[in-house]
Amino acid sequence: MSAFVIRVLAPSDLDAYRALRQRGFGEHPEAFTSDAAEEAAKPPAEIAKRLERDSSRPHDAVFGAFDGELLVGVCGIDVDMRAKVRHKGHVFGLYVPAEHAGHGVGGALIAKVVEHASSRLALRQLVLTVTAGDSAARRVYERAGFAACGREPDAIRVGARGYDKITMVLFLPAARAPRSRPPENA
48 MSAFVIRVLA
58 PSDLDAYRAL
68 RQRGFGEHPE
78 AFTSDAAEEA
88 AKPPAEIAKR
98 LERDSSRPHD
108 AVFGAFDGEL
118 LVGVCGIDVD
128 MRAKVRHKGH
138 VFGLYVPAEH
148 AGHGVGGALI
158 AKVVEHASSR
168 LALRQLVLTV
178 TAGDSAARRV
188 YERAGFAACG
198 REPDAIRVGA
208 RGYDKITMVL
218 FLPAARAPRS
228 RPPENA
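So that you can map any letter, position 51 of the sequence shown is 98 in my numbering, and since no number is skipped, the others follow by simple counting.
(1) To test your reading of the DSSP string, which unbroken alpha helix (DSSP H) runs of 4 or more residues are found completely within the region 51 to 110?
(2) Under a three-way DSSP split, which group does residue 164 fall into?
(3) On the premise that residue 210 lies in contact with residue 179, defined as a C-beta separation below 8 Å, what is that separation, rounded to the nearest angstrom?
(4) Compute every distance between the C-beta of residue 118 and the non-hydrogen atoms of the ligand GTP, then say whether any falls below 6 Å.
(5) When DSSP builds the beta bridges, which residues end up paired with residue 122?
(6) If you drop the 5 nearest sequence neighbours on each side, which residues of the same chain put their C-beta closer than 8 Å to that of residue 98?
(7) Please work out which residues of its chain come closer than 7 Å, Cβ to Cβ, to residue 190, disregarding the five sequence neighbours upstream and downstream, and give them in chain order.
(8) Anyone know if the C-beta pair for residue 165 and residue 219 falls short of 7 Å?
(9) In terms of residue numbering, what span does the beta strand (DSSP E) encompassing residue 199 cover?
(10) Express the C-alpha separation of residue 168 and residue 147 in angstroms, rounding to a whole number.
(11) Along the beta strand (DSSP E) that carries residue 216, what are the first and last residues, could you check?
(12) Using the DSSP secondary-structure output, state which residues sit across from residue 150 in a beta bridge.
(13) Does DSSP classify residue 170 as helix, strand or coil?
(14) Count the other CB atoms, across all protein chains shown, that sit within 10 Å of the CB of residue 80; report buried if there are 16 or more and exposed otherwise.
(15) Check residue 187 in the structure and name its three-state DSSP category.
(16) Kindly indicate which residue of 96, 212 and 51 has the alpha-carbon position closest to the one of residue 111.
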């Protein structure tokens with residue numbers, strides 16, 4: 048594989064993004080919370096919203112890794128803007144097809160998401176889930192600095208089989224800054 052370029056996906060990347068996600072859902076249904084059939088039934092405009100830049104949600108982005116014009120990996124971040132949780136970014140949808148795996152694409156995508164999140168001073172941490180037993184994905188996250196902080200049994204079901212999800216967290220530089228002390232009576 049030649050050198051790849053990572054950039055924020057735009058609405059013009061919708062077809063490639065949608066096709067790559069569908070492939071991931073089909074090949075690894077246990078790795079994603081989204082379901083292939085449900086995603087395929089969504090109108091393209093609904094999926095395109097994820098690729099549109101929205102000034103009210105400056106943290107949200109989907110990154111793509113490109114080998115020339117070919118999309119070879121994706122990973123996104125979104126932030127729930129409710130007051131009590133807007134300090135956390137949620138990493139979602141990391142997928143690199145098998146023929147492009149082993150070339151650092153996944154690690155580079157995660158590094159780009161971390162870099163993006165670190166440039167947003169309001170974000171203090173990133174959170175993600177990985178399917179228990181997916182040691183390759185978990186290693187990518189651990190190399191980026193994520194640490195396991197919990198396990199949800201039977202978090203998703205694919206057919207009759209349940210899969211546990213491991214929650215992982217990465218504290219960003221803003222979280223390591225000195226914090227104000229809580230009031231004595233707290």
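Cβ atoms here follow ideal geometry from the backbone N, Cα and C, with glycine treated the same way.
Since the model is a prediction, treat every value here as computed from it, not as a measurement.
Answer, in terms of the structure:
(1) 61 to 74, 83 to 88 and 91 to 95
(2) helix
(3) 7 Å
(4) This structure does not include the ligand GTP; it has no bound ligands of any sort.
(5) 110
(6) 56, 57, 58, 60, 61, 64 and 109
(7) 154
(8) yes
(9) 194 to 205
(10) 33 Å
(11) 208 to 218
(12) For residue 150, which the question treats as bridged, DSSP gives no partner whatsoever.
(13) coil
(14) exposed
(15) helix
(16) 51
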